[in-house]
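Student:
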Amino acid sequence: MQPILKIDLTSGKSEPWQIPPDWQKQYLGGASLAARILYDSLTPELDPFSPESPLLYLTGPLTGTLGPSVGRFVVCGKSPLTRIWAESNCGGFWGPELRFAGYDGLWITGKSEKPVYLWLNEDKLEIRDATSLWGMETYDTRDAVRVELGNPGAKVLLIGPSGENGVLYAGMYCDHGRSAGRTGLGAVMGSKNLKAIAVRGVKKPPLVEPDRYAVARSRANRELKEDNQAEVLHELGTSGVADYSEYIGAMPIKYYHRGSFPEVDKISGSTMTDTILTGRSACHGCVIACGRVVQLNGNGRQKGPEYETLEIFGPNLLFSDLQKIVQLGDLCDRYGFDTISAGNTIGLAFHLFEKGIIAEKDTDGLTLNWGNGEVIEKLVHKIGKQEGVGVLLGNGSREFARHFGAESEAVQVNGLEVACHDPRGSSGMALTYATSPRGACHNQSDYFFVDWGHDQPELGIETFDRHGGKEKSANVAIHQNWRTVNNALVMCVLAVVPPETTLELVNAACGWELTLPELLSAGERGFNLKRAINNRLGLTSANDRLPKTLLEPVPDGNSAGFVPDFPAMLEAYYQARGWDPVSGKPSAERLDELGIPEIARDLWK
Amino acid sequence: MAPEFPSLEWMQALQTKINHDEHYAEVAKNWEGDVLIIVDPQGKVKEQQNFYFGLWHGKCTSVSMNVDLTTSKPGFILRAPFDNYNAILTGKLDPMAAMMTNKLHVKGSMAYMMRNVPTVLDFVRCAKEVTGENI
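Residue numbers (this note's numbering), protein chains in the order written: chain F, 1 to 605; chain D, 606 to 740.
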């Protein structure tokens, strides 16, 4: 592996740091390796906004190699939103460029006295003044950095104004609107007075067996081009699933209180394709190109929304104006905050308003009536500018609800807002949300695809009834383990790559001869390590919960009347995991079996 | 006795079923697109066979077997080996699962297909009911 560049923004000093070789094989890279590197520093006392708070940007062993959808990186640390483990991965071109510059990661601590940005040009690092960039929106920042550097090819990762002013779900952005949106690490970057990181490099990422890798890479990309799911993603984007998700009652509607949205066709990926789509965009080396380029009312071309943005500002708010949703997503990107957390928290505000728990006096005089696009836009601006009720909304749904004495109304788990796949339509998502190491996240296991029929028998992942119960608990655990492999390689979860092909890519890139069970075990190791971090941060089995709303049936749609048998599912899940039912910790025996006795000793001391 | 799949009799029975099925008529009332089903050789099927269904507004307007693939222009092409159709038509394989796992390849407008998933699923239901266990 290439070294990680450690940078202390307080002193301005930097030095390469070599990853211990045994850690690479145990954790592969990406989020799992980051968890091991940061294990000691993520303490309960650590303030995410303190100078000591780390930000670790890591790539994976396949990043930048033109393999199947592997042009990604992940950023990890302690979340200011959830106060637990934080990871958020991002496509685009920045991750590959970092490897081209000769580094597999950046490990940033400290705090600059004034706004700065980093310029990593090959192996030369400069810390440059960013005073003129402070307060600038994301796309303008990208362009301004490139102009100032005189390097239009520089890849720039940056924060928007909301990362500077402490919106707890501020993200990081690069290229054509690609984002590491979730868990608020953009706000941590802002707390360090770090506006952007520009990178340029020309090195080839290391491959131990390049000829062997080329064969596997070529086959994987060829298979991906023939894949039905990839075809849908290419033609329709991730929002191509909107119609089906609504049809089976797996789409959150009216802040998770309804199960049917007859107007779904107005905002679906199909309609976007038929009306405003003018092009597609891809991350580095990706043959899918799920990114949308759209044009509104004769204006310039811009990024179109992916499924989560479209859903959370659409059916979630009973809003069906596609063009307005495009604009809302664009606004969030320009301010630099996560659309899922923002749309979810706005949905909560509408819900509390309807219930009479909040009123105009709490909303700067706004009447929060469902489906009102003008009101939604005003709230987005208020979050971005941190004005009025926007300050509270910018703290996320848990804190917003807590402020009004209605914490149980917030559809979140451990502080992270639930994403757009309702467990009452795909019951496996109940466990996914409840046990994800970063809160209610759909990227630690997009289990809804399994519930829709995407089995992986090579891994032991079967498909059960989408309204099934505890029989699928062990299955969910395996799927989480596999997705932890994805997030360690930092391989896009949208790419359907056969596990044996992924194994061959890893072995060829690293010069290993891992077996598939060993690769899957690396995923389980990473998942349990993140769990151990969260246990040390205070999480117990009591935190493995679902919000009450998701345990109440919706009245309409094709999942009406159903709620997952969550207690039985969770009990079976704990058994499959080998977790202690009271403390919620992975058992010492299980950690020993996974080859991390040092974590077992620390966790159970 | 249910007709055997794949055969001309099966295709004609499915046409009759579709044209007398009230649920399909309602679900597919806006559907506009012919469907070509290609069965690749496997098991008892020794040579590739195809089945062309003219589908329009909830009705099956025409059927043809083994059409010229170079000149026919269906809206959608479904293609799989015999065993996979067998699994779908006998209820062992969910049609959405078949598509997601590439056991059933789909060509055509994905926008139209995803917008009309209920129609696709109901077409499969009709096919299953016609086929029964006689496969």
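Each residue gets a CB set at the ideal place from its N, CA and C atoms; glycine is no exception.
Kindly list, in the order they appear in chain D, the residues whose Cβ is closer than 9 angstroms to that of S268/F.
Tutor: A716, M719, R720
Student: Between L368/F, G67/F, V241/F, which lies nearest to N221/F when the distance is taken from Cα to Cα?
Tutor: G67/F
Student: Out of K664/D, P608/D, N624/D, V668/D, which has the shortest C-alpha to C-alpha gap to L641/D?
Tutor: Among K664/D, P608/D, N624/D, V668/D, the Cα nearest to that of L641/D is on V668/D.
Student: If you compare alpha carbons, which of L233/F, D602/F, Y573/F is closest to I288/F?
Tutor: L233/F
Student: Is there a Cβ of chain D sitting closer than 8 angstroms to that of Q229/F, yes or no?
Tutor: In terms of beta-carbon proximity, Q229/F lines the interface with chain D, with at least one pair separated by less than 8 angstroms.
Student: Among L613/D, I693/D, D626/D, which one has its Cα closest to the Cα of H662/D?
Tutor: D626/D
Student: Assuming contact is defined by CB atoms lying nearer than 8 angstroms, are L98/F and V497/F in contact in what I supplied?
Tutor: no
Student: Are the CB atoms of L296/F and V199/F nearer to each other than 8 angstroms?
Tutor: no
Student: Taking the alpha carbon of G171/F as the point to measure from, which residue in P581/F, G336/F, V493/F, Q2/F has its own alpha carbon closest?
Tutor: G336/F
Student: Taking all protein chains shown into account, do 16 or more other C-beta atoms lie within 10 angstroms of the C-beta of N165/F, making it buried, or fewer, making it exposed?
Tutor: Buried.
Student: Cβ closer than 9 angstroms: which chain F residues qualify as neighbours of M707/D?
Tutor: Contrary to the premise, residue 707/D reads as Asn rather than Met in this sequence. Within 9 angstroms Cβ-Cβ: E223, E226, D227, N228, Q229, V496.
Student: Rounded C-beta distance between Y255/F and G396/F? I'm assuming under 8 angstroms.
Tutor: Rounded, the Cβ-Cβ distance is 15 angstroms, inconsistent with contact.
Student: Residues in the region 243–260 of chain F with C-beta within 8 angstroms of chain D's C-beta atoms, listed in sequence order?
Tutor: D243, Y244, Y247
Student: Determine the direct distance from the alpha carbon of V156/F to that of G95/F, and round the result to whole angstroms.
Tutor: 10 angstroms
Student: What number of angstroms, rounded off, separates the C-alpha of V326/F from the C-alpha of G77/F?
Tutor: In a straight line, the C-alpha of V326/F is about 30 angstroms away from that of G77/F.
Student: Do S270/F and D243/F have their CB atoms nearer than 8 angstroms?
Tutor: yes
Student: Just tell me which of P115/F, Y27/F, L207/F has its CA closest to the CA of R128/F.
Tutor: P115/F
Student: Check whether the Cβ of G240/F lies closer than 8 angstroms to any Cβ atom in chain D.
Tutor: yes
Student: According to DSSP, what are the bridge partners of Q302/F?
Tutor: According to DSSP, Q302/F shares a beta bridge with V294/F.
Student: Can you tell which of A250/F, V264/F, G237/F has its C-alpha closest to the C-alpha of V294/F?
Tutor: G237/F
Student: Using CA coordinates, which residue listed in P437/F, S426/F, H403/F, P423/F is at the minimum distance from N414/F?
Tutor: P437/F
Student: By DSSP, does S245/F sit in helix, in strand, or in coil?
Tutor: In the structure shown, S245/F sits in a helix (DSSP, three-state: H, G or I).
Student: Residues bridged to K155/F by DSSP?
Tutor: K155/F is bridged to V199/F.
Student: When you compare the region 179–189 of chain F with the region 122–136 of chain F, are there three or more beta-carbon pairs, one atom per stretch, that lie closer than 8 angstroms?
Tutor: As far as the Cβ criterion goes, the region 179–189 of chain F does not touch the region 122–136 of chain F, which means the pair count is below three.
Student: Among all the DSSP beta bridges, which residues are the ones paired with H747/D?
Tutor: For chain D, the structure presents residues 606 to 740; residue 747/D sits outside this window and is missing.
Student: Can we say the region 444–456 of chain F touches the region 419–432 of chain F, given the rule of at least three CB pairs closer than 8 angstroms?
Tutor: Touching, per the Cβ criterion.
Student: For W636/D, tell me which candidate among K664/D, V650/D, M715/D, N707/D has the shortest Cα-Cα distance.
Tutor: K664/D
Student: If contact means a Cβ-Cβ distance below 8 angstroms, which residues of the region 447–459 of chain F contact chain D?
Tutor: F449, W452, G453, H454, D455
Student: Quick check on P80/F: buried or exposed, where buried means 16 or more other Cβ atoms within 10 Å of its Cβ?
Tutor: buried
Student: Could you list which residues in chain D have their beta carbon closer than 8 angstroms to that of L236/F, in chain order?
Tutor: M715, A716, M719
Student: Counting only beta-carbon separations shorter than 8 angstroms, does D639/D have a partner in chain F?
Tutor: no
Student: Which residues in chain F sit within 8 angstroms of H710/D, going by Cβ to Cβ distance?
Tutor: For H710/D, the residues of chain F that pass the 8 angstroms Cβ criterion are E226, N228, in the order they occur in the chain.
Student: Should M701/D be flagged as near chain F, meaning a C-beta pair shorter than 8 angstroms?
Tutor: yes
Student: Excluding sequence positions up to five away, which residues of its chain have a Cβ less than 7 angstroms from the Cβ of G696/D?
Tutor: K733
Student: G110/F and T43/F - do their beta-carbons sit closer together than 8 angstroms?
Tutor: no
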